[in-house]
Amino acid sequence: MALQLRPNCEYCDKDLPPSAPDARICSYECTFCADCVETKLFNVCPNCGGNFAPRPIRPTNPWRPGVCAVNQPPSEKRVHLKFTLEEVAAHSMQIRSVPPQER
Ligand SMILES: [Zn+2]
Ligand SMILES: [Zn+2]
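Plus 26 on top of the position in the sequence shown (first one is 1) and you've got the numbering used here.
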């Protein structure tokens, strides 16, 4: 299965197309923009408490037959926070000082 490549930042709703260099994901593919990860979430996913990594960019050219963003298109389902901004901030505050490998 390919990564879902969700279309937006869950926090600020910024568009994050498959070519976006500033898309960040957690291990569950929760997707945010780099700015929100750095200034709002402090590298704590509001959904799972895990950290983030840059989302790889999916090639648009089929360098191998059948393998590209045309054959495995991005998700069109926009995702939004399930928690209030206050809840997200409290959650991050509680977890951010714990290194990801110890969460
Ligand atoms: Zn954002
Ligand atoms: Zn997550």
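Each residue gets a CB set at the ideal place from its N, CA and C atoms; glycine is no exception.
Computed from a prediction, not measured in an experiment: that's the story for all the values here.
heavy atom of ligand 1 below 7 Å from Tyr54 C-beta: no
Segments assigned beta strand (DSSP E), at least 3 residues, entirely inside the segment 57 to 106: With a minimum length of 3 residues, the continuous beta strand (DSSP E) runs that stay inside the segment 57 to 106 are 57 to 59.
Phe58: CB within 7 Å of a non-hydrogen atom of ligand 1: yes
Check whether Tyr54 and Leu107 have beta carbons under 8 Å apart: no
Meets three-Cβ-pair contact criterion under 8 Å: the segment 49 to 64 and the segment 85 to 94: Put simply, the segment 49 to 64 does not touch the segment 85 to 94. Fewer than three CB pairs are less than 8 Å apart.
Endpoints, the alpha helix (DSSP H) within which Ala115 is located: 111 to 121
Lys103 to Arg32 span [Cα, whole Å]: Using only the alpha carbons, I get a separation of about 7 Å.
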